[in-house]
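Have a look at the structure below before the remarks.
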Amino acid sequence: KAGVTQTPRYLIKTRGQQVTLSCSPISGHRSVSWYQQTPGQGLQFLFEYFSETQRNKGNFPGRFSGRQFSNSRSEMNVSTLELGDSALYLCASSLGKGLAVLDTQYFGPGTRLTVL
Amino acid sequence: GESVGLHLPTLSVQEGDNSIINCAYSNSASDYFIWYKQESGKGPQFIIDIRSNMDKRQGQRVTVLLNKTVKHLSLQIAATQPGDSAVYFCAERFTGGGNKLTFGTGTQLKVEL
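Chains as they are written, first to last, in the working numbering: chain A, 4 to 119; chain B, 186 to 298.
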């Protein structure tokens, strides 16, 4: 099976712009989670989507949003970019059997966003 | 390559030696723990997981130990190889919290030839 894919791999934007990142999960996986990775804060959870619904959200401002499509592909959007949004954005997919079931998350290679 | 973290704790081992990477987790309600390996320029790669009703689990060359009393997790790598050089993260999750993972700060493992 193909792994989690993310596009684009690299992106450069300026402050105030917005950006959309895309994630295609492993075939058959229904849950997609997004994480932000920075040297200062490490890996932090942004949100999770399952069956096109957000079912979990981290502590990020409303400028960070996402959605999931019927084929489980997901996008995240960051509006009004700030310098501090420069980070590696990682997407992870899992089978998503349910809230009470523990299933393994597999990560994509990430999108490196640089805000100038 | 890309740096995944600055000022990470570093563990240096000789090739062929065993490595032990430690992690303190934060939430006593967490009942699922995972170790990930991240190489430069790549996303985290799943290594091994353990549920809270276990205290030890073994995989190929890796063993995870869980001590719930002191909220401590460790990853043991046997016969460490140059390809094991990477940053290692522990992550915790609690049932009912969906798939939200809370990650540790990471440990840089350097394998010396």
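We put the CB at the ideal spot given by N, CA and C, even for glycine.
This one's a predicted model, so the numbers in the text were calculated from it and none came from an experiment.
A residue is called buried once 16 or more other Cβ atoms fall within 10 Å of its Cβ, and B/P229 is buried on that count.
Nearest CB-CB separation between B/N284 and chain A: below the 8 angstroms threshold. Under the three-pair Cβ rule at 8 angstroms, the stretch 12–24 of chain A does not count as touching the stretch 261–279 of chain B. In the three-state scheme derived from DSSP, where H, G and I count as helix and E and B as strand, A/G69 is classed as strand. According to the DSSP secondary-structure assignment, B/K285 is paired through a beta bridge with no residue. In this structure, B/T287 keeps its C-beta atom at 8 angstroms or more from the C-beta atom of B/L193.
A/Q40 places its beta carbon 8 angstroms or farther from that of A/Y52. Residues of the stretch 29–51 of chain A whose Cβ lies closer than 7 angstroms to any Cβ of chain B, in chain order: S34, S36, Q40, P42, G45, L46, F48, E51.
Assigned with DSSP and collapsed to three states, A/G45 falls in strand. The beta-bridge partner set that DSSP reports for A/I29 is empty.
Put simply, of A/L116, A/Y109, A/E85, A/S82 the residue whose alpha carbon is nearest the alpha carbon of A/L91 is A/L116.
If the five residues before and after B/S237 are omitted, its C-beta is found closer than 8 angstroms to the C-beta atoms of S215, D216, Y217, F218, L251, K253, all from its own chain and listed in chain order. Secondary-structure assignment with DSSP links B/V255 through no beta bridge to anything. Contact between A/S96 and A/Q108 holds: CB atoms are separated by about 7 angstroms, below the 8 angstroms threshold. Taking a C-beta cut-off of 9 angstroms against chain A, the contacting residues of the stretch 218–241 of chain B are I219, Y221, Q223, G226, K227, G228, P229, Q230, F231, D234, R236, listed in chain order. The three-state reading of DSSP puts A/L86 in helix, counting H, G and I together.
Along the stretch 93–119 of chain A, the positions whose C-beta sits under 9 angstroms from a C-beta of chain B are L93, C94, A95, S97, G99, L102, A103, V104, L105, D106, T107, Q108, Y109, F110, G111, P112, G113, R115, read in chain order. Excluding the 5 residues flanking it on each side, B/Q199 has same chain C-beta neighbours closer than 7 angstroms at E297, in chain order.
Here DSSP, grouped into helix, strand and coil, assigns B/D234 to strand.
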